[in-house]
Every structure is written in structure tokens, then in C-alpha cells.
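Peer 1: Residues in the sequence shown are numbered from 36 upward in steps of one, following this note's numbering.
Glycine included, C-beta positions come from ideal geometry on N, C-alpha and C.
Remember, it's a predicted structure, so these values are computed and weren't measured experimentally.
One structure, pasted below without further comment.
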Amino acid sequence: MTFSHNQSAHCESGVISSLLSHHGLPLSEPMAFGLANALAFAYIPIVKLGGQPLIAYRLPPRAIIKGLCKRLGVGVKFHKFKDPMTAANALDDLVGQNILVGLQTSVYYLPYFPEEMRFHFNAHNLLVYGKRDDVYQISDPVFEEPMEIAPRDLNKARFVRGPLAPKGLMYTIESVPESIDYPRVIREAIAKNVKVMTGAPLPVIGIRGIHYLAKKIDKLKGSEKDKRLYLGHIVRMQEEIGTGGAGFRFVYASFLQESAKLLNDDALAEASKAMTDVGDTWREFALTVVKECKSKQAIRLQVVSDKLRQCAEQEKQVWQQLKGWCKQANN
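Next comes the structure, spelled out in C-alpha cells:
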């Protein structure tokens, strides 16, 4: 198989970008992420990860692949398995036919990850593009170069238990459209993302969710250690599992910039710059949390929550700007 490995900012958007490009539909990672309207925020205290509330900065796992393929009219086939041996045989059959295969795995059980990078995240996406000398050839978006992995290790990473368990999930592209109506799909994707961030009915989603989390920080109780664990969890979710607070905003800004060039639209270019500034503010929030947690003094919760509110208000302005753009584009 002739396949070009590409390093990406994030695994799911990187994998689907490579998959579609391999099948004759060249698509950058930012464009894939933006057209999937994948940018989000959610603070869901009833769902726990390691005893801490779920905080998400993008749509749930597989939403990028499913959402993008649906919007573009791409045929994608998903397979889940109950038995590891059946899953391994199915993968070998596809690889033997020179078919590029996407997999969902656990980061923790991929041995080519350095130990300091391994953590229990079960929704890591990668591509298998071949098998040589009884080891799989892997295109993992996190790494600059292709990797290799033994079948036993890969199967273990595909069948871990716990939150977001992959259950052997693999996926392949069945068909791609001959052409894409970019003005239409860009407009639809931005409008949907505006709705997610500004029109969600639940107070834990979107801009309202960011403010909700800020209020929770204001009212944090317990020891200084407990507070540090809670605030550290926010940054860990932000920086390790997707770098969402800053990283996803930068990717979305790149999507807006690319869309501005495709549509020759200055308004989208301005929105791109504004979203980049939002990403910078999220990064400043992370640094504020780290600084407060490392301080020998009591954590200044108000300082942390105020910075988070700044993220919310700054981001709200960009989404209002994009909402106005959608209305104008629809006229």
C-alpha cells in the first residue's frame, strides 16, 4: 500500500483527515475538525473520571468521524467485536487486502508511547496500513514517524475496559463523493457549532457550561490538596486529553482561516484571528491554574475563576460574530 503518514494535532481529526486524503478526498485536519462542528465545552459532574467530573472541550469520541462523514456524504463502516481473536482476524483480512483501517485504542497499552505519555484514555485513534514480519505498521497521529506494534499488544489496547472502552472498534472508508459544496457545508458546520456553544438548553454545555464551572471553582470546599486535585484535573483534561482549552481553539481558528481563503471572506478571517486570541486566553487560564497549585500560599480561587470567565466572555463574542456571519450567508 502506498500511504503517507502525517503527524497531527489530535488523533481523531488527524486520522479521519488521513483516511479521506488516502481515498482521494484531500482534507486538512483543521477542515475535518471544523466541518464536523467538533468544538465544544461540557462540564458534567454526574459522570466521573478518576473520581473527578467529566470536562470536555470537544464533541464525544467518534463524533468527529461520524459527523464529518455524514456532512460530506462519505460512506464509513464501523465494526465492533466481542472476541479479541475475531477482531484480530478481521483486521488481518482488511490489511491483507491493502485496506487502510482506523482503530480506537487505549493510550496506556500502546508500548511505543514513552512511559511518561501513557495514561488511561481509551479513545485514542490510529491507522493500520500494513503488516510486516508479524508486526503491524501503524500511523499514529501523535508521532512524527510511523510506528510498529506486535499483534498481542495491539489487541490488548483494543479491548481494555473502563470509560470509553473501544470494544475492538475498527472503521474503514467505503465511498467518497466526487465533489464537495464547500460554501454550503462550511455554513452548515459553523451554524451547528454556534448552536452548540451558545444555544445549548443545558447549563453545563457551551458558554453557559464554562460559567457554571467558574461558579463551582468559586465554591470549592475541602483541603488545599483537594482543591489542587480538582483544579489540576481541569488542566489535565484540557492539556492531556486533547489540549482542548487552547489546542482545539487553535485548530478551529485554522479551520476558519482556511474557510476564509476558500470563500474569499474577510469576516471569517477576522473570526479566525479572534478565535486564536481565545486559544491564547485558555492557555493563560491553564498557566494560572498551574501557578496557583504550585504556590505555597492558599489557592486564590477567585483569580482562577475570573480567568475562566474571561475565556467564556471572549469566546462568546467570537460565536456571536460567527452567528451574524451565518445569518448574512443565508440571505
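Counting C-beta neighbours from all protein chains within 10 Å, is the total for P212 16 or more, i.e. buried, or is it exposed?
Peer 2: Exposed is the call here.
Peer 1: Would you call the CB atoms of T141 and V195 closer than 9 Å?
Peer 2: According to the sequence shown, residue 141 is Ser rather than Thr. Closer than 9 Å, so yes.
Peer 1: Using 10 angstroms around the beta-carbon of Q292, count the other beta-carbons present and answer buried if the total reaches 16, otherwise exposed.
Peer 2: So Q292 counts as buried.
Peer 1: Measure the alpha-carbon distance for I269 versus I90 and round it to whole angstroms.
Peer 2: Looking at the two C-alpha atoms, the distance is approximately 7 Å.
Peer 1: On a Cα-Cα basis, can you pick out the residue from P61, Y143 and R167 that is closest to F397?
Peer 2: Here the chain comprises residues numbered 36 to 366, so residue 397 is not present and cannot be evaluated.
Peer 1: Along the chain, where does the alpha helix (DSSP H) that runs through M66 open and close?
Peer 2: Start and end: E64 to L70.
Peer 1: Is N8 helix, strand or coil when you go by DSSP?
Peer 2: No answer is possible for residue 8: it lies beyond the span of the chain, which begins at 36 and ends at 366.
Peer 1: What are the complete beta strand (DSSP E) segments, minimum 3 residues, inside the stretch 141-218?
Peer 2: Runs of the beta strand (DSSP E) inside the stretch 141-218: 159-167, 170-174, 182-184 and 205-210.
Peer 1: Reducing DSSP to helix, strand and coil, say where V136 ends up.
Peer 2: In the structure shown, V136 sits in a strand (DSSP, three-state: E or B).
Peer 1: Where do the ends of the alpha helix (DSSP H) carrying Q355 lie?
Peer 2: L336 to N365 is the extent of the alpha helix (DSSP H) around Q355.
Peer 1: Given this structure, state the Cα-to-Cα distance separating G131 from K254, to the nearest angstrom.
Peer 2: So the two alpha carbons sit approximately 57 Å from each other.
Peer 1: Using the Cα positions of D118 and W360, report the straight-line distance between them to the nearest angstrom.
Peer 2: Cα-Cα distance, rounded: 49 Å.
Peer 1: K105 lies in the alpha helix (DSSP H); which residues open and close that run?
Peer 2: K105 -> alpha helix (DSSP H) spans A98 to L107.
Peer 1: Excluding the 5 residues flanking L55 on each side, which residues of the same chain have their C-beta closer than 6 Å to its C-beta?
Peer 2: Excluding residues within five positions, the ones whose Cβ falls inside 6 Å are L62.
Peer 1: Can you list, in chain order, the residues of its chain whose CB lies under 8 Å from that of Q42, leaving out five sequence neighbours each side?
Peer 2: Same-chain partners within the cutoff: G49, P176, V177, F178 and E179.
Peer 1: Is it the case that the stretch 64-75 contacts the stretch 196-211, given that we only count it when at least three CB pairs across the two stretches are under 8 Å?
Peer 2: Too few Cβ pairs lie closer than 8 Å, so no.
Peer 1: Does the distance from the C-beta atom of G244 to that of A98 stay below 9 Å?
Peer 2: No, they are not a contact pair.
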